[in-house]
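Residue numbers (this note's numbering): 50 to 113.
Glycine is no exception: its CB is placed at the ideal position from the N, C-alpha and C atoms.
Taking it in order: structure first as structure tokens, then the write-up.
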């Protein structure tokens with residue numbers, strides 16, 4: 050089974066939320082900061098995609 054990049058990122062969001070709970074957004078922000086310091090802009094873009102999906106998930110669950 051081949052997963053799309055979108056599916057992989059949603060899987061990462063789910064894993065991070067299960068592992069870190071309410072602290073997951075902070076963990077994502079910390080990782081983005083680490084990658085910026087390292088100069089890994091591709092990694093930054095990847096983690097920003099995860100952050101956007103996490104934000105959408107959190108906002109969706111708060112609306113219900």
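Item                                                                                                                                                     : Value
So the alpha helix (DSSP H) residue 88 belongs to, where does it begin and stop?                                                                         : Taken as a continuous stretch (DSSP letters only), residue 88 belongs to no alpha helix (DSSP H), as it is neither H nor E.
Could you tell me if residue 57 is buried or exposed, where buried requires 16 or more neighbouring beta carbons within 10 angstroms of its beta carbon? : exposed
Cβ atoms of residue 99 and residue 62: under 8 Å apart, would you say?                                                                                   : yes
Around the C-beta of residue 77, are 16 or more other C-beta atoms found within 10 angstroms, so that it is buried, or is it exposed?                    : buried
Which term fits residue 103, buried or exposed, when burial requires 16 or more other beta carbons within 10 angstroms of its beta carbon?               : buried
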